[in-house]
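A.B. asks: First the structure, which I've put down as structure tokens, then a few questions once you've had a look.
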Ligand code: B12
Ligand code: SF4
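Residue numbers (my numbering): 1 to 464.
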């Protein structure tokens with residue numbers, strides 16, 4: 001039985017966009033893990049990644065050429081429109097092809113997806129067991145219900161993500177980057193890869209949960225450290241990676257795991273820099289762990305600072321305080337860890353003064369990378385329900401479920417003020433600008449290690 005997996009993520013950069021930042025430069029781990037699980041039950045598996053194609057005509061030609069028995073589309077809420085357009089074309093090419101969808105959106109809004117006649121089966125939750133099981137039944141001529149609930153697998157027993165599923169397909173469409181996946185900051189040199197060590201998040205932020213719990217269950221599961229190290233060794237053999245990034249929602253929530261990982265990573269001989277996501281409260285409470293991570297190779301944290309107002313942080317159930325945001329930034333600077341600052345503007349109930357407080361906080365934090373969002377109600381989150389109950393949402397189309405700060409997503413905010421706040425939040429204080437330039441020059445020219453190397457070269461007569 002032939003299964004074609006479809007990655008529909010063209011909401012950010014569109015068709016023909018491979019290699020352009022994280023949106024179009026990273027593999028989809030969900031499909032990359034499902035592929036070997038499907039092969040294990042005897043299915044033949046390939047991938048169509050819309051980001052690699054020039055347009056819908058090329059997609060139609062690919063489906064006509066491949067003629068799969070089954071297609072499996074992965075779908076976030078923001079992917080709904082391209083995913084449905086893809087399924088429409090699949091139906092037109094051959095109505096006998098079984099159409100399956102899975103991923104965050106079908107898990108959170110199964111009813112909406114089931115309503116569509118373009119979809120034969122909706123898979124909720126994790127698919128490593130349920131999808132191959134359905135394919136096995138179809139191979140035996142048995143039927144499967146329209147709504148198939150997922151089963152949480154033991155993460156140490158499932159195959160590693162098949163990066164080549166994406167990379168082989170990308171190369172076919174001319175992907176020529178000197179890196180398997182697109183590095184997104186200078187601290188992470190190519191070749192760069194992404195991995196995931198676990199699933200779920202124990203926190204309860206109202207703009208996010210309970211969506212994550214719907215997909216991955218209440219309990220956070222993390223792969224064992226030896227399992228992750230084995231995958232890194234394989235990635236090293238395959239791609240000689242010089243840096244990597246953990247996708248885990250909050251890798252640092254399990255202090256014991258992190259400590260074990262850092263030691264095992266160094267012991268295994270790895271020195272490559274990496275980034276991961278963390279939270280301000282964790283950083284403040286675990287400075288020793290942060291120091292250990294920095295020694296192991298951590299070069300940057302993605303941190304959800306979100307707001308400079310304690311009232312807003314309470315309202316969104318972030319579980320952090322403004323002082324922790326500032327202190328976390330100080331700790332990062334102390335250990336040379338770059339800060340990728342996620343924050344939101346235009347939340348429900350947020351006042352203009354509270355947005356000004358976020359701007360002031362950012363000027364103190366002085367992050368290396370700004371990652372602003374105009375608050376966007378995501379299906380499956382409690383704040384989404386709040387916005388519906390209070391008739392706040394301005395979203396009329398799934399395309400607008402991207403949180404990039406292009407248009408205002410909820411009522412009650414002045415768009416002109418939000419645009420001003422967006423620009424102002426990213427304007428550094430002149431003193432910070434100066435300090436950054438000084439640090440850059442120091443790193444470039446004046447580090448003792450570099451001076452020593454230059455002197456040695458001069459002494460050996462190889463200067464230049
Ligand atoms: C890495 C990541 C990204 C990366 C890379 C995405 C990629 N290439 O896949 C980038 C940065 C590009 C990204 C972008 C966005 N993301 Co994102 N992302 C994640 C993150 C942190 C990890 C994804 C992952 O790999 N998970 C691990 C794999 C194993 O899980 P999975 O993909 O869900 O797949 C499993 C099941 O869902 C299921 N499954 C999935 N597909 C299919 C298909 C079939 C047929 C079947 C049977 C089963 C199945 O089986 C898989 C294995 O168990 C998740 C949070 C999370 N922890 O999952 C958020 C998350 C998926 N992202 C989210 C959001 C909101 C976005 C953005 C909209 C943000 C924005 N910019 O506005 C964009 C949308 C991009 C687009 N497509 O247009 C939300 C989605 C919520 C929703 N309602 O859709 C999540 C859940 C985070 C959150 N809690 O808010 N994201
Ligand atoms: S926003 Fe981050 S920390 Fe909060 S619940 Fe979601 S994944 Fe966890």
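Ideal placement from N, C-alpha and C gives every residue a C-beta, glycine not left out.
So what does DSSP say about residue 278, is it helix, strand or coil?
C.D. replies: strand
A.B. asks: May I ask whether a heavy atom of the ligand SF4 can be found less than 6 Å away from the beta carbon of residue 203?
C.D. replies: yes
A.B. asks: CB of residue 465 to nearest heavy atom of the ligand B12: below 6 Å?
C.D. replies: Not covered by the structure: residue 465. The range shown for the chain is 1 to 464.
A.B. asks: Mind checking whether residue 128 and residue 153 have CB atoms under 7 Å apart?
C.D. replies: When the beta-carbon positions are compared, residue 128 and residue 153 come within less than 7 Å of each other.
A.B. asks: Can you give, in chain order, each stretch of the alpha helix (DSSP H) that sits fully within the segment 39-118 and has at least 4 residues?
C.D. replies: If we require 4 residues or more, the alpha helix (DSSP H) runs fully inside the segment 39-118 come out as 56-66, 80-93, 104-108 and 110-114.
A.B. asks: Could you name the residues of the same chain whose beta carbon sits closer than 8 Å to that of residue 501, not counting the 5 residues immediately before and after it, in chain order?
C.D. replies: Missing from the structure shown is residue 501; the chain here goes from 1 to 464 and no further.
A.B. asks: Within 6 Å: the Cβ of residue 379 and any heavy atom of the ligand B12?
C.D. replies: yes
A.B. asks: Would you check whether the ligand MN has a heavy atom nearer than 6 Å to the C-beta of residue 37?
C.D. replies: This structure lacks the ligand MN; the ligands present are the ligand B12 and the ligand SF4.
A.B. asks: Assign residue 348 to buried or exposed, taking buried as 16 or more other Cβ atoms, counted over all protein chains shown, within 10 Å of its Cβ.
C.D. replies: buried
A.B. asks: Helix, strand or coil, according to DSSP, for residue 3 in the structure here?
C.D. replies: strand
A.B. asks: What does the alpha-carbon distance come out to for the pair residue 190 and residue 272?
C.D. replies: When rounded, the distance between both Cα atoms is 11 Å.
A.B. asks: Taking the C-alpha atoms as reference points, what is the distance between residue 352 and residue 441?
C.D. replies: Roughly 38 Å between the two C-alpha positions.
A.B. asks: In chain order, what residues of the same chain have a beta carbon less than 6 Å from the beta carbon of residue 403, not counting five sequence neighbours either side?
C.D. replies: 373 and 376
A.B. asks: Less than 8 Å between C-beta atoms, sequence neighbours within five positions excluded: which residues of the same chain meet that for residue 414?
C.D. replies: 352
A.B. asks: Using a Cβ-Cβ cut-off of 6 Å (strictly less than) and excluding sequence neighbours within five positions of residue 225, which residues of its own chain qualify?
C.D. replies: 260, 261 and 264
A.B. asks: Among the residues of its own chain, which have a CB less than 7 Å from the CB of residue 249, if the five just before and after it don't count?
C.D. replies: 201, 212 and 277
A.B. asks: Is the separation between the beta-carbon of residue 400 and that of residue 358 shorter than 7 Å?
C.D. replies: no
A.B. asks: For residue 239, I'd like the list of residues in its chain whose CB is within less than 7 Å of its CB, leaving aside the five on either flank, ordered along the chain.
C.D. replies: 180, 191 and 193
A.B. asks: Note down, in chain order, each residue of its chain lying with its Cβ closer than 6 Å to the Cβ of residue 20, except the 5 sequence neighbours on either side.
C.D. replies: 13
A.B. asks: Return yes when at least one heavy atom of the ligand SF4 lies under 6 Å from the C-beta of residue 281, else no.
C.D. replies: It does not: the Cβ of residue 281 is nowhere closer than 6 Å to a heavy atom of the ligand SF4.
A.B. asks: Since residue 283 and residue 328 are thought to touch, with beta carbons under 8 Å apart, how far apart are those beta carbons, to the nearest angstrom?
C.D. replies: 4 Å
A.B. asks: Report yes if the C-beta distance between residue 346 and residue 418 is below 7 Å; otherwise report no.
C.D. replies: Taking a C-beta distance under 7 Å as the contact criterion, residue 346 and residue 418 qualify as a contact pair.
A.B. asks: How is residue 320 classed by DSSP in three states: helix, strand or coil?
C.D. replies: coil
A.B. asks: Considering Cα atoms alone, identify which of 169, 365 and 235 is closest to residue 425.
C.D. replies: Cα-wise, what sits closest to residue 425 is 365.
A.B. asks: Could you give the DSSP three-state label for residue 202: helix, strand or coil?
C.D. replies: coil
A.B. asks: Could you give the DSSP three-state label for residue 173: helix, strand or coil?
C.D. replies: coil
A.B. asks: Using 6 Å as the cut-off, classify the Cβ of residue 209 as near or not near the heavy atoms of the ligand SF4, replying yes or no.
C.D. replies: Residue 209 Cβ: within cutoff of the ligand SF4.
A.B. asks: Should residue 127 be counted as a contact of the ligand B12 given a C-beta to heavy atom distance under 6 Å?
C.D. replies: yes
A.B. asks: My output table needs one value for residue 284: the three-state DSSP class, helix, strand or coil.
C.D. replies: Here residue 284 sits in helix by DSSP.
A.B. asks: Residues in the same chain with beta-carbon distance under 8 Å from residue 408, minus the five sequence neighbours each way, listed in chain order, please.
C.D. replies: 346, 374, 394, 415 and 418
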